[in-house]
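K.L.:
The structure is given below, and queries will be raised subsequently.
Chains as they are written, first to last, in the numbering used here: chain A, 1 to 303; chain B, 1 to 335.
Here it is as structure tokens:
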């Protein structure tokens with residue numbers, strides 16, 4: 001037995017290497033911390049922070065209060081605690097961002113894989129992608145929300161209806177970047193030897209894609225996904241800001257900002273808190289995407 | 001190059017037709033009908049005649065073809081008449097807005113100057129801020145300036161314009177009182193005082209949009225400069241004893257500007273379409289706010305026409321950007 005000690009540390013796993021590189025990116029760590037805090041604020045917050053329900057008279061007295069110890073973010077024009085609304089709104093905003101991103105990434109990966117792997121589908125699907133990229137998206141989103149809001153609200157109720165509608169509208173108008181990235185990756189991957197080997201032992205395309213192609217496109221897709229969350233949150237708040245988002249009793253940060261606009265000359269904090277929440281979320285998600293891109297890139301990692 | 005241009009132009013036609021169909025059908029599904037805009041005092045038979053004159057009773061494909069004909073034939077002909085004083089388009093039915101009962105195109109024409117002055121200036125300011133920042137932060141990579149530039153860019157495209165806009169209003173208009181909160185469209189620039197007034201009311205929307213645009217463009221400029229700084233020809237130029245100024249501002253900058261110019265061209269359609277938020281926030285009476293008003297008022301022809309104009313602009317500037325790239329960079333040949 002030769003027991004050689006080369007003085008080389010044991011090879012670390014890919015996940016550990018990625019995490020080590022990710023931690024080096026100061027912005028990404030900042031983003032992760034801020035995003036975690038925001039998620040805790042909106043998911044765990046309501047369990048801890050529940051101001052007692054006020055009677056009508058009390059609510060009338062506590063209208064439009066500034067920030068204080070009882071109401072850290074003040075109260076709104078109906079005497080509701082603003083911090084509690086911010087927490088509820090945060091849940092919806094974050095949920096919209098994540099669900100819309102999942103839809104967009106699913107569609108984008110599907111179309112990208114189909115276009116990259118099957119030569120016959122490449123032309124039509126890429127033309128479709130180009131067409132979607134040339135559509136004026138914000139106007140069309142506004143029109144879609146305007147058109148289908150009442151109809152879907154009739155089936156699913158106003159709150160769920162608005163959620164499903166906005167999330168799917170954002171999802172089906174933002175898959176194009178992911179599709180392009182995935183197609184490019186698949187085009188390169190399918191020429192590799194292991195794919196050829198897999199095909200030559202008679203694996204069906206579905207299996208090749210699932211076992212050999214998809215695991216290898218995960219890292220670019222993850223970067224696209226983080227940036228997709230940021231974009232979806234901004235798009236939703238744009239819709240809410242134009243008054244075409246969620247109903248008032250089912251607020252999002254964008255909706256709170258929109259409501260605060262009427263009073264912002266006297267109570268600027270009502271615009272600033274939701275605006276800060278949106279900006280911080282988007283900023284931290286963007287930083288995380290930046291860090292992930294560096295961490296998942298083997299040319300940068302380890303240097 | 002010529003064949004490439006022709007091929008791209010020909011390819012743009014089916015793309016645009018498909019887009020027009022999508023826009024038309026999507027907007028056509030709207031529950032609102034022009035009948036709801038007619039006052040109830042109008043007797044039913046008159047109402048039926050109005051609806052017939054508006055052409056809403058025809059089947060979908062007829063209306064689509066009619067709209068296409070109006071968009072591509074009648075309206076340009078009307079524009080030709082207006083310029084040269086001819087009467088070719090007389091008696092042809094134009095695209096009529098449900099809200100104002102007047103042709104859509106003159107309405108858009110009225111809105112266009114405001115959008116172009118405010119949003120166009122903002123884009124220009126954005127580019128002018130972005131280029132020096134990008135150049136200098138690439139030249140001094142990882143310096144303090146570069147780190148600030150990176151942070152500025154990150155904040156610039158993370159903070160949505162409606163928030164920067166409201167913040168600016170709170171700080172500069174409400175607290176400091178430097179600028180008016182709303183844009184006054186009726187202001188006519190005649191003398192120095194009114195020109196100053198115009199500058200004051202343009203300051204905030206221009207800054208808001210300019211910062212957002214500058215963030216993205218400065219990033220492109222920086223990475224393009226960095227790519228070129230490490231090229232061999234830069235070392236050669238330095239080895240020849242050229243001054244740093246000539247190397248950076250002549251050799252590197254010219255080559256780095258190629259991709260940036262295309263990015264700038266790609267962003268131009270957003271001058272027309274993407275400024276919906278800013279126009280709404282500051283009350284600029286431009287195309288973006290026209291679109292919002294039309295959507296709120298169920299003005300289908302207006303929405304269809306505006307959305308299609310935006311789509312045409314996007315397709316055109318994509319084409320221009322690709323062609324510019326080929327023209328500026330001799331290494332790229334499309335044949």
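Each residue gets a CB set at the ideal place from its N, CA and C atoms; glycine is no exception.
Since this is a predicted model, take the numbers as computed values, not measurements.
Assign residue 177 of chain B to buried or exposed, taking buried as 16 or more other Cβ atoms, counted over all protein chains shown, within 10 Å of its Cβ.
P.N.:
exposed
K.L.:
Would residue 143 of chain A and residue 303 of chain B qualify as a contact pair, given that the criterion is a beta-carbon distance under 9 Å?
P.N.:
yes
K.L.:
Are there three or more Cβ pairs, one per stretch, closer than 8 Å when the stretch 106-113 of chain A is compared with the stretch 209-217 of chain A?
P.N.:
By the Cβ rule, the stretch 106-113 of chain A counts as touching the stretch 209-217 of chain A, because three or more pairs are nearer than 8 Å.
K.L.:
Using a Cβ-Cβ cut-off of 9 Å, state whether residue 68 of chain A counts as contacting chain B.
P.N.:
no
K.L.:
Please report the residue range of the alpha helix (DSSP H) in which residue 326 of chain B lies.
P.N.:
300-328
K.L.:
Considering just the uninterrupted stretch of the alpha helix (DSSP H) at residue 278 of chain A, what are its terminal residues?
P.N.:
269-296
K.L.:
Just curious, the alpha helix (DSSP H) that residue 27 of chain B is in, first and last residue?
P.N.:
2-28
K.L.:
Between the C-alpha atoms of residue 282 of chain B and residue 205 of chain B, what's the straight-line distance to the nearest angstrom?
P.N.:
Note on geometry: alpha-carbon atoms of residue 282 of chain B and residue 205 of chain B lie some 7 Å from one another.
K.L.:
With distance defined between alpha-carbon atoms, name the residue in B:261, B:28, B:186, B:220 nearest to residue 59 of chain B.
P.N.:
B:28
K.L.:
I'd like the span of the alpha helix (DSSP H) that includes residue 221 of chain B, first residue to last.
P.N.:
192-229
K.L.:
At a CB-CB cut-off below 7 Å, which residues of chain B make contact with residue 304 of chain A?
P.N.:
The structure shown does not extend to residue 304 of chain A, since chain A is modelled only from 1 to 303, so the question has no answer here.
K.L.:
Starting from the beta carbon of residue 135 of chain A, find every residue of chain B whose beta carbon is closer than 9 Å, and list them in chain order.
P.N.:
Ordered by position in chain B, the residues that pass the 9 Å Cβ test against residue 135 of chain A are 19, 22, 23, 307, 310, 311, 314.
K.L.:
Is the beta carbon of residue 216 of chain B less than 9 Å from the beta carbon of residue 263 of chain B?
P.N.:
yes
K.L.:
For chain A, check one thing: does any of its Cβ atoms lie closer than 9 Å to the Cβ of residue 179 of chain B?
P.N.:
no
K.L.:
Using a 10 Å radius around the Cβ and a threshold of 16 neighbouring Cβ atoms, would you call residue 67 of chain B buried or exposed?
P.N.:
It is buried - the Cβ of residue 67 of chain B has at least 16 other Cβ atoms within 10 Å.
K.L.:
Starting from the C-beta of residue 50 of chain A, find all residues in its chain whose C-beta is less than 8 Å away, skip the five residues before and the five after it, and write them out in chain order.
P.N.:
Result list for residue 50 of chain A: 84, in chain order.
K.L.:
So what does DSSP say about residue 103 of chain B, is it helix, strand or coil?
P.N.:
strand
K.L.:
Could you tell me if residue 87 of chain B is buried or exposed, where buried requires 16 or more neighbouring beta carbons within 10 angstroms of its beta carbon?
P.N.:
Label assigned to residue 87 of chain B: exposed.
K.L.:
Identify, in the order they occur along the chain, each residue of the same chain with its Cβ nearer than 6 Å to the Cβ of residue 46 of chain A, setting aside the five sequence neighbours on each side.
P.N.:
87
K.L.:
Could you compute how far the alpha carbon of residue 245 of chain B sits from the alpha carbon of residue 321 of chain B?
P.N.:
When rounded, the distance between both Cα atoms is 29 Å.
K.L.:
Is the Cβ of residue 1 of chain A closer than 9 Å to any Cβ of chain B?
P.N.:
Model confidence at residue 1 of chain A stands at a pLDDT of 49, short of 50, so the residue's coordinates are unreliable; what they give is reported in the following sentence. Chain B, which has no Cβ nearer than 9 Å to the Cβ of residue 1 of chain A, makes this no.
K.L.:
Compute the Euclidean distance between the alpha carbons of residue 145 of chain A and residue 40 of chain A, then round it to the nearest angstrom.
P.N.:
A straight line joining the alpha-carbon of residue 145 of chain A with that of residue 40 of chain A spans about 30 Å.
K.L.:
From what residue to what residue does the alpha helix (DSSP H) around residue 189 of chain A run?
P.N.:
176-189
K.L.:
Under a three-way DSSP split, which group does residue 360 of chain B fall into?
P.N.:
It is not possible to answer for residue 360 of chain B, since the shown part of chain B is limited to 1 through 335.
K.L.:
In whole angstroms, what separates the C-alpha of residue 94 of chain A from that of residue 156 of chain A?
P.N.:
So the alpha carbons of these two residues sit roughly 21 Å apart.
K.L.:
Would you call the stretch 249-256 of chain B and the stretch 219-227 of chain B in contact, with 3 or more CB pairs under 8 Å?
P.N.:
yes
K.L.:
The stretch 149-174 of chain B: which residues have C-beta closer than 8 Å to a C-beta of chain A, in chain order?
P.N.:
Going along the stretch 149-174 of chain B in chain order, one finds 154, 155, 157, 158, 159, 160, 162, 163, 166, 167, 169, 170, 174 with a Cβ nearer than 8 Å to chain A.
K.L.:
Output, in chain order, the set of chain B residues within a Cβ distance shorter than 7 Å of residue 249 of chain A.
P.N.:
Under the 7 Å cutoff, chain B gives no residues; its nearest Cβ is about 21 Å from residue 249 of chain A.
K.L.:
So, is the C-beta of residue 1 of chain B closer than 9 Å to a C-beta in chain A?
P.N.:
no
K.L.:
Could you tell me whether any Cβ in chain A is nearer than 9 Å to the Cβ of residue 303 of chain B?
P.N.:
yes
K.L.:
Could you check where the alpha helix (DSSP H) with residue 194 of chain A kicks off and where it finishes?
P.N.:
193-200
K.L.:
For residue 37 of chain A and residue 159 of chain A, I'd like the C-alpha separation in whole angstroms.
P.N.:
Spanning the alpha carbons of residue 37 of chain A and residue 159 of chain A requires a straight line of approximately 26 Å.
K.L.:
Determine the burial state of residue 71 of chain A: buried for a count of at least 16 other Cβ atoms within 10 Å of its Cβ, exposed for fewer.
P.N.:
buried
K.L.:
Along the chain, which unbroken stretches of the alpha helix (DSSP H) at least 4 residues long are found entirely within the stretch 91-142 of chain B?
P.N.:
104-139
K.L.:
Give the interface partners of residue 174 of chain A over in chain B, defined as CB-CB distance under 9 Å, in chain order.
P.N.:
Going along chain B, no residue has its Cβ under 9 Å from residue 174 of chain A, so there is no contact; the nearest lies around 15 Å.
K.L.:
Can you tell me which residues form a DSSP beta bridge with residue 81 of chain A?
P.N.:
A:75
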